[in-house]
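S.K.:
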Amino acid sequence: MGSLVLTDLYASVITDDGELEILKGVSLTIESGTTHAVMGPNGSGKSTLAYVIAGHPKYRVTSGSITLDGVDVLSMSVDARARAGLFLAMQYPVEVPGVSVSNFLRTSVTAVRGEAPKLRTWVKEMKESMVALQMDPSFAERNVNEGFSGGEKKRHEILQLSLLNPKFAILDETDSGLDVDALRTVSEGVNTFRAQSDAGVLLITHYTRILQYIKPDFVHVFVDGRIVTSGGADLATALESQGYEQYSPASA
Amino acid sequence: MTTAPPIDLSPRLSSLDPDVFDIPTGSEVEWRFAPLTAFSRFFQPIEGAGDVRATHETDYVRNVPIGDVHSSWLPTDRPLAVARSLVRNAVVVDVPREQVIAEPIVVQLQGAGDTSYQHVEINVGAFSSAVLVIEHDLDRDICGALVVNVGDGAKLTMLSVVDGATDAVHISGWHTTTGRDSTFIGCAVTLGGGFVRISPSVTYAAPGGNAELLGLFLADGDQYLEHRIFVEHEQPHCTSRVTYKGALSGPGSHTVWVGDVLVRRGATGTDTYELNRNLLLNDGPRADSVPNLELETGEIIGAGHASATGRFDDEQLFYLQSRGIPETQARQLVVRGFFAEVLGRLNDEVWRDSMMSRISVRLGLSTEESTSE
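One line per chain: the protein sequences are W and V, in this order.
In terms of this note's numbering, the first sequence opens at residue 2 and continues consecutively.
In terms of this note's numbering, the second sequence opens at residue 101 and continues consecutively.
1. Closer than 9 Å, Cβ to any Cβ of chain W: which residues of the stretch 396–414 of chain V, in chain order?
2. Step through the CB atoms of chain W and report whether any lies within less than 7 Å of the CB of Q416(V).
3. In the DSSP assignment, the beta strand (DSSP E) including T276(V) goes from what residue to what residue?
4. Would you mind working out which of F223(W), S4(W), G86(W) sits nearest L24(W), comparing C-alpha positions?
5. Tell me the residue span of the beta strand (DSSP E) that contains K345(V).
6. Here's a check: name, in chain order, each residue in its chain whose Cβ is nearer than 7 Å to the Cβ of P98(W), leaving out the five neighbours to either side.
7. Mind checking which residues open and close the beta strand (DSSP E) that includes K1(W)?
8. If you measure from the beta carbon of L433(V) to each beta carbon in chain W, is any gap under 7 Å?
9. In terms of residues, what are the limits of the alpha helix (DSSP H) holding A85(W)?
10. CB-CB under 7 Å to Y135(W), same chain, minus the five flanking residues each way: which ones, in chain order?
11. Pull out every residue of the stretch 58–74 of chain W whose Cβ sits closer than 9 Å to any Cβ of chain V, in chain order.
12. Counting only C-beta atoms, is P98(W) closer than 7 Å to chain V at any point?
13. I'd like the list of long-range same chain contacts for R61(W), defined as Cβ closer than 7 Å, with 5 residues on each side in sequence excluded.
14. Find out if the Cβ-Cβ distance for the pair V250(V), L256(V) is shorter than 7 Å.
15. Compare the Cα-Cα distances from F295(V) to each of V434(V), A138(V), L116(V) and report the closest residue.
16. Can you find the residues in the same chain that come closer than 7 Å, C-beta to C-beta, to P307(V), ignoring five residues on each side of it along the sequence?
17. Measuring alpha carbon to alpha carbon, tell me which of A134(V), I166(V), A154(V), P179(V) ends up nearest S119(V).
18. Short of 6 Å in beta carbon distance, which residues of its chain neighbour L443(V), apart from the five on each side in sequence? Order them along the chain.
19. Is it right to say R188(V) is buried, meaning 16 or more other beta carbons lie within 10 angstroms of its own, or is it exposed?
20. Note down, in chain order, each residue of its chain lying with its Cβ closer than 8 Å to the Cβ of K59(W), except the 5 sequence neighbours on either side.
21. Would E449(V) pass as an interface residue toward chain W - the criterion being a Cβ-Cβ separation below 7 Å?
22. Kindly indicate which three-state DSSP category S45(W) falls into: helix, strand or coil?
23. Residues of the stretch 104–127 of chain W with a CB closer than 7 Å to any CB of chain V: list them in chain order, please.
24. Take V262(V) and list the residues in its own chain whose beta-carbon comes closer than 8 Å to its own, dropping the five residues that flank it on each side.
25. Counting contacts by CB-CB distance shorter than 7 Å, is V132(W) in contact with chain V?
26. With DSSP as the reference, label R377(V) as helix, strand or coil.
27. Quick one: residues in its chain with C-beta nearer than 6 Å to the C-beta of P196(V), no 5 flanking neighbours on either side, listed in chain order?
28. Counting along the chain, where does the beta strand (DSSP E) carrying K255(V) start and finish?
29. Since Y217(V) and L186(V) should fall inside the 8 Å C-beta cutoff, what is the C-beta to C-beta distance between them, to a whole number of angstroms?
30. Between A12(W) and chain V, is there a C-beta pair that is closer than 7 Å?
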């Protein structure tokens, strides 16, 4: 059993006009094998939370800590965090022109596993994972995220999730921009990953839609840079009917 | 032998007589970026200069006295005219007509002494097809011409690599003439040299010619690398594609790309596009990019250009690193990806991979665990 622990985390975004505090004391413990949903309105800082855990250079942690199985994450480089077992499925995956998906995936898997997979088993593994996500084999020859549709980008993120097999996965608005069929496929990919591993999952979302497919063990409401209330899956149902207004700072 | 300068884009005086050309002062549009202190030694005849020779002669490659070469090319600036008047050896590549040569013809060029003049004359006979790889070993200063004649219906793919000492001065005037329905793909890979000025130009002798000018350059330290392209469309139904990409790292490197395309009144049905992209790998380097397009007729299929110079994209780096890829390797992937578009056009995996490896080495990046499949 492992855990990803965020303790009283404060972080700012670095802009041309200076720093702006976004995370204002986030504490959250995710145990292996559990799925947490963090839900909140636009601009609440949900995506910042995801980026800070992954180590995006645009954000600066001003106080608090993040540990993975007791080891300090904040002192690790971005790539070291990934090799330690963290994975962030991004809301807006980045295009990398001239780099093919197959080349990218193999380079990434080699880095995370610490050794290059054998070519024959690798090709088979990649193809099987793509088939499971209903991706055309020609996809592997395309450049990373270049000209991908919204659905293709998200499938590609979940493909990486299944191949990299992290200890903890953060899924940032993975449901955004997906039609019902794509949402179902992507959710099945996430559920297969959950069933086959003992990973912890942090699902960041604005809507409850994806929670119909991926059942969370815990739901946290995120407003103005911190968790304001936590509960079980039924909390999402309440949010669906009542919205976030009751948690907004103005009505508090 | 002197022709009057045209009054339009790139007024081009051409002559075998060096004194027809004034000594550049730096105020001329053609010389305004160049550090003249480096290039000026080639403005006057140099006593005791040697000749560039091909190190190996083959069925297709010979060293011959310049007097035996029947070249229609005329120099278009002073250093090229000086070099033409003093060069004694010509490297001649002759591909007879109606030959399809599968294996690349490799020409290794080498100078002699501190300074050498160069004349390379390449003739690809009608309906022939060949791949030519020219390696310039720049351990000394070299100035001269590379003249290419592509016969009717012929196809030549030429990869010209300039590598070597980063204090060497190199001036190279390429001139390609394409025959009816012929295709020329010319790729300039500039990795070495301290002060390099390469001017590829293309003219079309007959309708239906296709020219693709590719370029890839890597400037480091205090290198000055200039590529000055001139494509003159005089014939109808010809195409030109210019794609040059450069990567620069500091502290004092400077690259110049000038792309002049002129579509003459009679060149109806022309299709032309030119593109230059420069990637700044850190703070300090300077990249100048100047596309020029002049149209004398509107009856064309297409004409356009694009130019952009940008910094290394930190978001790309973050994305790759967030997948466990260490920073050095992530940078390598991005730079190789940046150049892949150019090298992909060569349609030759062996040379593409070979160039990629050399680029990686030059960038100080490991080629171990090669990223190409």
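Glycine included, each C-beta is placed from N, C-alpha and C at the ideal position.
Keep in mind that this is a model prediction, so the values were computed, not measured.
M.R.: Let me lay it out:
1. D413, D414
2. yes
3. 269–278
4. F223(W)
5. 339–351
6. N144, E147
7. Since the first residue of chain W shown is 2 and the last is 253, residue 1(W) is not available in this structure.
8. yes
9. 79–85
10. Note on residue identity: the sequence assigns Gln, not Tyr, to residue 135(W). Once the five neighbours on either side are set aside, the close Cβ partners of Q135(W) are T186.
11. P58, K59
12. It does: the Cβ of P98(W) has a partner Cβ on chain V nearer than 7 Å.
13. A12, S13, I15, E20
14. yes
15. A138(V)
16. Apart from the 5 residues on each side of it in sequence, P307(V) sits with its Cβ closer than 7 Å to the Cβ of R280, Q335, P336, H337, C338 in its chain, given in chain order.
17. Checking the sequence shown, residue 119(V) turns out to be Asp, not Ser. For D119(V), the nearest C-alpha among the options comes from P179(V).
18. Excluding positions up to five away in sequence, the list reads R452, M455.
19. exposed
20. Taking C-beta separations shorter than 8 Å and ignoring five residues to either side along the sequence, the partners of K59(W) in its chain run V14, I15, Y52, following chain order.
21. no
22. The DSSP-derived three-state label of S45(W) is coil.
23. N104, T108, S109, T111, A112, V113, A117
24. H236, L238, H270, S272, A288, V289, T290, L291, G292, G293, V296, I298
25. no
26. strand
27. G225
28. 255–264
29. 5 Å
30. no
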